[in-house]
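> The opening position of the sequence shown corresponds to residue 10 in the numbering used here, with each subsequent residue numbered one higher.
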Amino acid sequence: MEDEVERRQIQQILELDDEELQIEEVESLLESSDDDRDATGVVSPDHFTFNTHLTSLHSYLGEVDDTRHRSAFWDGGAVLNLPLFYLEGVVLFPEATLPLRVIEPNFVAAVNRAMTQVDAPYTMGVVRGYRDSNDGPLRLAKVGTTAEIRQYRPVEDGSINVVTRGQQRFCLRRCWIDAEGAPFGEIQIIEEDIPFRTPRDAYAKLVPLNNLRGQQILSLNALSHGGRNDENDSEANSEESFENELTQTERRIHQSAIGACYDSDRTDESTSSADDNKLSESDSQSGSPCDTDSTFLGSSPSGHKKQVRNSDLGIGTKSMARKVAEPRSHLSSTLSRAFAPVWVYRMYDSFCLAQKAADMWKQIVGTPSMDGFVKKPDLLSFYIASKIPISDPTRQELLEIDGVSYRLRREIELLERLDRVRCKICKTVIARRSDMLVMSTDGPMGAYVNSYGYVHEVMTFRKAKGLVTSGRPHEEYSWFPGYAWTIINCASCDVQMGWLFTATNEKLKPKSFWGIRSSQVKDEMR
């Protein structure tokens with residue numbers, strides 16, 4: 010009996026020693042990883058020898074054939090029937106890559122149908138699946154993304170290796186299972202808005218509101234000296250050249266707003282001087298438009314519509330129209346046709362927002378360069394949404410936002426406030442935003458599929474804490490060529506958080522990094 014007790018004690022001691030050994034190994038890897046960083050916390054190019062292009066090839070899937078087919082884009086509002094692929098913890102955005110190892114028979118049937126359908130060949134719909142509780146039924150999100158099959162290879166065991174790319178957002182209207190067992194859905198393509206650009210001369214000649222009194226006197230004096238005809242000619246030429254530079258959408262918005270201003274001019278000529286004083290005080294307190302641009306007035310919820318509500322901006326409403334249009338009857342020759350202050354334009358100018366978001370992303374991540382995206386705000390908004398280290402519910406929120414400006418504003422808010430990454434179960438801090446590491450040309454976050462067909466969206470960090478390894482390193486089926494992977498669990502609640510990747514070649518740098526599953530993290534805003 011005593012021998013049995015002693016044997017159990019020895020076994021417990023050995024298990025404890027093994028756990029301590031694993032923690033020591035993790036800590037030593039952290040120290041070596043810190044040596045690769047420069048003073049700014051970014052991995053120095055001299056200490057980075059890994060070829061990030063290898064990761065985006067998804068070579069672990071083996072040989073796959075290019076389908077050599079590129080689907081045409083559908084018009085907004087188009088209704089289609091597509092095979093559905095729903096994944097828990099995965100949100101696909103336009104232009105993002107999604108690798109798949111299709112094993113389940115119903116999804117194999119869905120992929121085969123997508124390859125042969127006539128109306129939308131090589132295309133299927135991808136939606137996020139989620140559960141309200143651990144044992145609750147699987148639910149499907151209402152907004153998803155069409156995925157074009159770019160690479161395809163059947164495997165001898167009946168499975169299929171596929172590489173897809175996101176194309177267009179859609180609303181899921183209804184879904185069903187067809188006769189072959191493939192999930193299908195009726196979808197409606199979401200019409201994307203055109204990125205908004207501030208008209209070039211919209212506010213170039215706008216007089217400060219606190220100087221309106223002086224300008225009014227000058228205008229009246231000029232009229233008394235017979236200068237009205239020349240000024241009217243100048244105004245007409247300025248207005249014509251201004252409107253010629255607008256797009257059709259911008260011209261329509263501009264003309265409707267001018268109409269609202271004229272209507273208000275006729276009905277509100279009796280505005281008291283007290284209103285003028287209040288307006289001047291509010292204008293002087295608002296400060297410079299550039300200063301106001303750095304602070305955004307609230308954020309957009311996931312249900313935002315692409316139309317800009319007039320009540321939100323104060324445009325077209327009686328109070329705002331009166332404030333802007335009130336002096337027009339006296340100053341029509343000295344004021345431009347602008348119907349809102351400069352800071353209102355900048356708040357919703359997609360290109361201004363894109364530049365701000367790109368600068369923030371560059372500061373946080375370091376690479377890759379975002380210069381090419383600044384000229385395409387819509388693509389930039391989808392890129393940041395697919396790579397930012399946030400939980401999949403928040404990423405689904407970004408996917409559902411209609412409007413480039415609204416999406417960029419929300420992303421800027423997240424980049425400003427998001428700091429720490431926590432375990433979803435026990436809320437333990439495991440990483441910081443500043444420790445993100447780019448190990449793929451696709452960015453610091455990407456989708457990868459394991460040999461069992463499970464897709465994981467993984468964010469990579471150079472540093473993490475509160476994690477312990479489970480088991481020994483494995484080199485087969487590694488998502489990052491040249492690195493062995495080891496399962497890591499949260500040290501507090503023991504839930505699997507992702508993998509620790511360690512270099513198998515001494516010349517390969519960084520020597521180690523962490524891959525954290527986005528489905529297992531909780532967002533924390535500072």
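Ideal placement from N, C-alpha and C gives every residue a C-beta, glycine not left out.
1) Can you look up K571 in the DSSP assignment and give me helix, strand or coil?
2) Quick one: which unbroken beta strand (DSSP E) runs of 3-plus residues sit fully inside the segment 141–209? Chain order, please.
3) Find the nearest neighbour of F470 within the set P519, I198, P490 and H483, judged by alpha-carbon distance.
4) Please work out which residues of its chain come closer than 7 Å, Cβ to Cβ, to Y558, disregarding the five sequence neighbours upstream and downstream, and give them in chain order.
5) What residue range does the alpha helix (DSSP H) around G381 cover?
6) Quick one: residues in its chain with C-beta nearer than 7 Å to the C-beta of Q126, no 5 flanking neighbours on either side, listed in chain order?
7) How close, in whole Å, do the beta carbons of P386 and M445 come, if the pair is a contact with beta carbons under 8 Å?
8) Cβ atoms of V171 and V111: under 8 Å apart, would you say?
9) Within the chosen definition, does the segment 112–126 reach the segment 143–152 through at least 3 CB pairs nearer than 8 Å?
10) Would you check if the distance between the CB atom of G190 and the CB atom of P92 is smaller than 8 Å?
11) With contact counted as at least three CB pairs below 8 Å, one residue from each stretch, are the segment 435–453 and the segment 406–420 in contact?
12) Just to confirm my understanding: we take S561, look at its own chain, exclude 5 residues before and 5 after, and list those with CB closer than 8 Å. What are they?
13) Look at the Cβ atom of I404, then the Cβ atom of V100, and state whether they are nearer than 8 Å.
14) Mind checking I550: buried by the 16 CB within 10 Å criterion, or exposed?
15) Going by DSSP, name the residue or residues bridged to L91.
16) Using beta carbons (cut-off 8 Å, strictly below), is L101 in contact with chain C?
17) Measuring CA to CA, which of L408, R431 and A440 is closest to E201?
18) Tell me which residue opens and which closes the beta strand (DSSP E) that P386 is part of.
19) Pull up the distance between the alpha-carbon of Y357 and that of A366, whole angstroms please.
20) Hey, could you find the ends of the alpha helix (DSSP H) R416 is sitting in?
21) Can you round the beta-carbon distance between I196 and G134 to whole angstroms, since I take them to be within the 8 Å contact cut?
22) What residues are listed by DSSP as bridge partners for D84?
23) Just verifying my parser: in three-state terms, what is the DSSP assignment at L505?
24) Where does V120 fall in DSSP's three states?
25) Give me the Cα-Cα distance between A440 and A87, rounded to the nearest whole angstrom.
26) Quick check: what's the CA-CA separation for T207 versus R355?
27) So, helix, strand or coil for K520, using DSSP?
28) What did DSSP end up calling E409 once you bin it into helix, strand or coil?
29) Per DSSP, what are the beta-bridge partners of E97 in this structure?
30) Would T154 and P103 be called neighbours here (beta carbons separated by less than 8 Å)?
31) In this structure, how does DSSP classify L446 when only helix, strand and coil are distinguished?
32) Run through DSSP, which three-state label would R79 get?
33) Report the rounded CA-to-CA distance for S479 versus G507, giving the unit in angstroms.
34) What separation, rounded to the nearest whole angstrom, lies between the Cα atoms of Y457 and W488?
35) May I have the straight-line CA-CA distance separating G381 from F59, to the nearest angstrom?
36) Where does F360 fall in DSSP's three states?
The relevant details are as follows:
1) Nothing about residue 571 can be read from this structure; the chain reaches only from 10 to 535.
2) For secondary structure counted as the beta strand (DSSP E) over 3 or more consecutive residues, the segment 141–209 holds these complete runs in sequence order: 147–149, 152–163, 169–186 and 192–198.
3) Taking only the C-alpha atoms, the option nearest F470 is P519.
4) The structure shown does not extend to residue 558, since the chain is modelled only from 10 to 535, so the question has no answer here.
5) Element bounds for G381: D380 to V383.
6) Cβ-Cβ distances below 7 Å link Q126 to nothing in the same chain once the five nearest sequence neighbours on each side are left out.
7) The Cβ separation is near 22 Å, so there is no contact.
8) In this structure, V111 lies near V171, with their beta-carbon atoms less than 8 Å apart.
9) The answer is no - the segment 143–152 does not touch the segment 112–126, with fewer than three Cβ pairs under 8 Å.
10) No; because the gap between Cβ atoms is not below 8 Å, this pair is not in contact.
11) No, they do not touch.
12) What the structure shows of the chain is the stretch from 10 to 535, and residue 561 is not part of that stretch, so it cannot be assessed.
13) For the sequence presented, residue 404 should be read as Arg rather than Ile. Yes, Cβ-Cβ distance for R404 and V100 is below 8 Å.
14) This structure does not reach residue 550, given that the chain is present from 10 up to 535, and the question cannot be answered.
15) L91 is bridged to G194.
16) In summary, chain C is missing from the structure at hand, where a single protein chain is found.
17) Nearest C-alpha to E201: L408.
18) Careful: P386 lies outside any beta strand (DSSP E), inside the alpha helix (DSSP H) at P386 to K396.
19) Y357 and A366: Cα-Cα distance of roughly 13 Å.
20) In this chain, the alpha helix (DSSP H) harbouring R416 covers V413 to R426.
21) About 5 Å separates the two Cβ atoms, so the contact holds.
22) Paired residue(s): none; D84 is not in a bridge.
23) Note that residue 505 corresponds to Gln in the displayed sequence, not to Leu. Of the three classes helix, strand and coil, the one that applies to Q505 here is strand, per DSSP.
24) In this structure, V120 counts as helix in the three-state DSSP scheme.
25) Distance between the alpha carbons of A440 and A87: 43 Å.
26) Rounded to whole angstroms, T207 to R355 spans 7 Å at the Cα level.
27) Here K520 sits in coil by DSSP.
28) Correct three-state label for E409: helix.
29) Bridge partners of E97: G138.
30) Annotated as proximal: T154 and P103, with beta-carbon spacing under 8 Å.
31) Note: L446 maps to coil in three-state DSSP.
32) The three-state reading of DSSP puts R79 in coil, since its state is none of H, G, I, E or B.
33) Roughly 11 Å between the two C-alpha positions.
34) One alpha carbon belongs to Y457, the other to W488, and they sit about 7 Å apart.
35) Those two C-alpha atoms are separated by around 24 Å.
36) The answer is helix: DSSP assigns F360 an H, G or I state.
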